[in-house]
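Numbering (my numbering), first residue to last: 42 to 306.
Each residue gets a CB set at the ideal place from its N, CA and C atoms; glycine is no exception.
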Ligand code: GLN
């Protein structure tokens, strides 16, 4: 019974894939627009004139397996979800799947896990026995964030009365690197996802930064966003993502682009 169900699912997906790609002839490939924000290493970051990273490898594979031409659009992080108005547009930007965002777009299956980290000048915060920073240390601090990210939203919520970072002031920047460069001037610490925080610490030895996990916060899952009810593309993406996960490709790409090898998750 289970087998029959799996076979049926495979058939549905195969037909969807065919319908998605089969209507174009070979010389005029359909375009796949991928919206991202390139200040989020190792998932998307500039290299020469290109944008590279784990998400870009995923985007290339999706376009390739769907027989489409990839067009990467580097936009402000806060503009990504609203940009997904067409059937052939996806948001691939280390986007955490959240209930609020799910009201605006549909998400793929999760493809990576993260947790919030704090970036700070060495010696300005202390670590607990698990090498984490307690939320209480961020009370009354000026916290830099990338505007619109989960780090930004959490920092906002937790700085309210009774929150983990009660009394903190949140200052939004275009991306976490710009925020981190402002530590000691416009802000005191930066809250951003684990892998980007570690990348910022490693890539900027002159800034004397450290990055550690904030205790007491939940982990997050990244998904690919598509316009609501764009089921055909969503099924195709889920199919390809599942293949990439099983092939170990995502971890492989992560290890290529990151300073910190992926954990067994
Ligand atoms: N995962 C975080 C979010 O979805 C940060 C993503 C990013 O900065 N590109 O908000």
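Annotation for residue 81 indicates a beta carbon within 7 Å of some heavy atom of the ligand GLN.
Annotation: the continuous beta strand (DSSP E) that includes residue 253 extends over 250 to 255.
For the pair residue 187 and residue 118, the CB atoms are nearer than the 8 Å cut-off. Taking a cut-off of 8 Å on C-beta distances, the stretch 103 to 116 does not touch the stretch 225 to 240, as fewer than three cross pairs fall below it. With respect to the C-alpha of residue 157, the residue from 195, 275, 264, 277 having the closest C-alpha is 195. When distances are taken from the beta-carbon of residue 134 to the heavy atoms of the ligand GLN, the shortest one is below 7 Å. Collapsing the DSSP output to three states places residue 151 in coil. Relative to residue 107, the option among 280, 291, 154, 298 whose CA is nearest is 280.
One Cα belongs to residue 92, the other to residue 84, and the distance between them is close to 10 Å. The beta carbon of residue 298 lies closer than 6 Å to those of 83, 94, 95 in the same chain, with the five residues before and after it left out. For residue 214, the shortest C-beta to heavy atom distance toward the ligand GLN is 7 Å or greater. For residue 237, the enclosing alpha helix (DSSP H) covers residues 235 to 244.
The secondary-structure analysis by DSSP pairs residue 81 across a beta bridge with 85. Proximity to residue 285 across 77, 72, 102, 73 peaks at 102, based on C-alpha coordinates. Its Cα nearest to that of residue 217, the residue 184 stands out among 207, 184, 199.
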